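Data block below; observations after.
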Amino acid sequence: MFKRYLLRRLLHAVLLLAGVSVLSFVLLELAPGDFLGEARINPQLSASTIAALQEQYGLNQSLPHKYLSWLGSVTKGSFGVSFSYNLPVSTLLWPRARKTLQLTLASLFLSWLIALPLGVLSAGRRGGWLDRGTSLVTSLLLGLPDLVLACLVLFLAVRTGWFRTGHPILPITVLVLAALPLLVRHVRSALLDVAQQPHVRAARAHGIHGMQLWFQWLLPAAANPLASLFGLSIAGLISSSLLVETILGWPGLGPLFLEAIAARDFYLVIGPVMLSAVFLVAGVLIGDLLLYLVDPRIRTGI
Amino acid sequence: MHNDPALLRVERLTKTYSRRSWLAARHPEMPAVAGVDLELRAKHCLAIVGASGSGKSTLARCIAGLEQPTSGRIQFAGRELHAAMIHRRIQLIFQDPGASLNPRFRVAEALEEPLVIHGKNFGREETVERLRQVGLAESMAERLTSQLSGGQKARLALARALAALDQGHPNILILDESLASLDLSVQAQMVNLLLDLRKPRQLAYILIAHDLSLALHWAGEIAVMYQGQIVERNTPHMLLADPRHPHTKQLVAASLEKESLTTEGGGGRPGV
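So the protein lines, in turn, are chains A and B. Our numbering applies: residue 2 is where the first sequence begins, and numbers increase by one. Our numbering applies: residue -15 is where the second sequence begins, and numbers increase by one.
In structure tokens form, the structure reads like this:
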């Protein structure tokens, strides 16, 4: 049962990644300019040199040809070659991906650690001071773009001098604050939603209350939407991480990605895109597995 | 009137909902139940019929102790019951009995839900016996409630309500449109099951419905509710023959129309 569930999910994941890779190739090909744009308007380089470079980088190959040779390099683990570094993309990508993952996993853990109890307590004492306070703060945070939040944290760090720029606590703070409002609100509304369900009301009518009601009725029933949200929050954190890293000077995938886009370094753009897609798919997969663990109905295949 | 006292006596019951608001202190709303008197004798069946919003469900919830009346008295066997005691003598089956079962529970667990707060549970034998009583096979005990059909869920909800009630005493079971979501053949099976359980389990029924169709067949008395009040009470025969209140007339007309549409006539069992 579990094997079949896992296999089906993995197959979905592979198909999704294939789709993402094709789409990124097409979109990047459609984007104007290429790596040699600068070189072409350089009067010191002759047309024959440009043509030689084009040949060397494989820029004049057709899109399907590029895609297939890229796929070939994926099987060898190199993910193409970066034009500007003249190195396999993988050697550039892995150390940076590790940095990004450190950031995202720490923020993921922290944000859920805060969001779960806060959402539960807000729902439990609906309309109380904690609920109102949380709602106010989360609305405020929701209104602040990640960019502004990052600048604010950077400003504070520099002004107070508590943390040097580049300290991991800065991007983690920004990521947690950016993820928190959505998570808290979802946890709260999932629980309030569940509390209105007939089977919870029936349990209440049978006098069940307190911890027993929370752990046997409310939390299990609210776990489904939250398990899916957990997977999606991984994906969300990765994508905001790319931005936050760039602003706060964290040597993760973000700065590399931006640099690669500016230089039209084709395969170095595809690399981080594919990696974030892998993280996203992994996040959703983890969410699905959590769902499988918490809901006996999925286990029995209804 | 009768020598034996009523099992349930409701006097001048009102229930008013007030809506709390951030600005004004409180706005008293229109009362959902406005001064209802009724009585029910052991092992009898009373139907409360009214349009949605007439207050019948609120009345039922007050009687079942799920809601606190604003004013008025509810007496059970001549006494006012303590809140915890009410659930052991009066049980309500919800509008959608299937949805009132925890979908993550096994049938045996769901059956024992009313026992949880007492820290008790049924042994295997009693579980099987109780399932059998409502027509569920022993093999069902280990299934998840979400794996049952609509009819089986309704039976389980009934078994669960019975599990909450003290055995060996006259009790009351309130059906808050509990059968409305079932298809007609399953509905008929449930009615037969309820009628069969009436004597051995000493059950009196309060049947809440929005039309007369079920009520006419098995209620001994029908109370018509309109805007929070009981506007007319009579036996099914008399109600059909001589409806007084305009709302009762509407209900009767609607039920006759429905009857003439279906190929099979009234039939059914006479009132109890």
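Ideal Cβ positions, reconstructed from N, Cα and C, are used throughout, including at glycine. Only a predicted model underlies this, so the values are computations on that prediction, with no experimental measurement involved.
How would you write the range of the alpha helix (DSSP H) that residue i sits in, first residue to last?
| i | result |
| --- | --- |
| residue 110 of chain B | 108 to 117 |
| residue 245 of chain A | 220 to 249 |
| residue 299 of chain A | 297 to 300 |
| residue 6 of chain A | 3 to 31 |
| residue 58 of chain A | 48 to 58 |
| residue 50 of chain B | Premise fails: residue 50 of chain B is in no alpha helix (DSSP H) and is neither H nor E. |
So, for residue i: in the same chain, excluding its five sequence neighbours on each side, which residues have a beta-carbon less than 7 Å away from its beta-carbon?
| i | result |
| --- | --- |
| residue 191 of chain A | 223, 226 and 227 |
| residue 40 of chain B | 32, 34, 192 and 209 |
| residue 157 of chain A | none |
| residue 250 of chain B | Residue placement at residue 250 of chain B is poorly supported in this model, since its pLDDT is 46, which falls under 50; the coordinates still yield a value, given next. Result list for residue 250 of chain B: 243, in chain order. |
| residue 238 of chain A | 105, 108, 109, 176 and 180 |
| residue 161 of chain A | none |
| residue 126 of chain A | 132 |
| residue 130 of chain B | 87 |
| residue 299 of chain A | 292 and 293 |
| residue 150 of chain A | 175, 178 and 179 |
| residue 219 of chain A | 192, 195, 196 and 201 |
| residue 111 of chain B | 92, 95 and 125 |
Would DSSP call residue i helix, strand or coil?
| i | result |
| --- | --- |
| residue 80 of chain A | coil |
| residue 193 of chain B | strand |
| residue 56 of chain B | strand |
| residue 161 of chain A | helix |
| residue 96 of chain A | helix |
| residue 209 of chain A | coil |
| residue 2 of chain B | strand |
| residue 169 of chain A | coil |
| residue 15 of chain B | strand |
| residue 160 of chain B | strand |
| residue -14 of chain B | With a pLDDT of only 45 at residue -14 of chain B, under the threshold of 50, the placement of this residue in the model should not be trusted; the figure read from the coordinates follows. Reduced to three states, the DSSP call for residue -14 of chain B is coil. |
| residue 216 of chain B | strand |
| residue 180 of chain B | helix |
| residue 72 of chain B | helix |
| residue 211 of chain B | coil |
Can you find the residues in the same chain that come closer than 6 Å, C-beta to C-beta, to residue i, ignoring five residues on each side of it along the sequence?
| i | result |
| --- | --- |
| residue 182 of chain A | 139, 142 and 143 |
| residue 288 of chain A | 228, 229, 231 and 232 |
| residue 48 of chain B | 74, 76 and 158 |
| residue 229 of chain B | 215 and 216 |
| residue 1 of chain A | Because chain A in this structure spans residues 2 to 303, residue 1 of chain A falls outside the shown range and cannot be described. |
| residue 120 of chain A | 185, 188 and 189 |
| residue 82 of chain B | 134 and 137 |
| residue 80 of chain B | 165 |
| residue -14 of chain B | Here residue -14 of chain B scores only 45 on pLDDT, less than 50, and its place in the model is too uncertain to base an answer on. |
| residue -1 of chain B | 16, 17, 42, 46, 53 and 54 |
| residue 277 of chain A | 239 |
Contact check, residue i vs residue j under 8 Å by CB: the rounded distance?
| i | j | result |
| --- | --- | --- |
| residue 273 of chain A | residue 254 of chain A | 5 Å |
| residue -8 of chain B | residue 24 of chain B | 4 Å |
| residue 46 of chain B | residue 17 of chain B | 7 Å |
| residue 207 of chain A | residue 101 of chain B | 7 Å |
| residue 132 of chain B | residue 140 of chain B | 7 Å |
With distances taken from CA atoms, which of the options is nearest residue i?
| i | options | result |
| --- | --- | --- |
| residue 70 of chain A | A/169, A/31, A/23 and A/276 | A/23 |
| residue 148 of chain A | A/243, A/61 and A/35 | A/243 |
| residue 63 of chain B | B/-10, B/205 and B/96 | B/-10 |
| residue 154 of chain B | B/163, B/-2 and B/27 | B/27 |
| residue 218 of chain B | B/14, B/179, B/68 and B/29 | B/29 |
| residue 170 of chain B | B/102, B/203, B/69 and B/198 | B/198 |
| residue 19 of chain A | A/68, A/263 and A/36 | A/68 |
| residue 38 of chain A | A/85, A/153 and A/166 | A/85 |
| residue 104 of chain B | B/147, B/178 and B/156 | B/147 |
What residues in its chain sit with their C-beta under 8 Å from that of residue i, if we drop five residues either side in the sequence?
| i | result |
| --- | --- |
| residue 222 of chain B | none |
| residue 238 of chain B | 195 and 196 |
| residue -3 of chain B | 17, 19, 20, 21, 43, 46, 53, 55, 56, 57 and 58 |
If I follow the unbroken beta strand (DSSP E) through residue i, where does it start and stop?
| i | result |
| --- | --- |
| residue 124 of chain B | Careful: residue 124 of chain B lies outside any beta strand (DSSP E) and carries neither H nor E. |
| residue 217 of chain A | Neither: residue 217 of chain A is in no beta strand (DSSP E) and is coded neither H nor E. |
| residue 203 of chain B | From DSSP, residue 203 of chain B is part of no beta strand (DSSP E); its letter is neither H nor E. |
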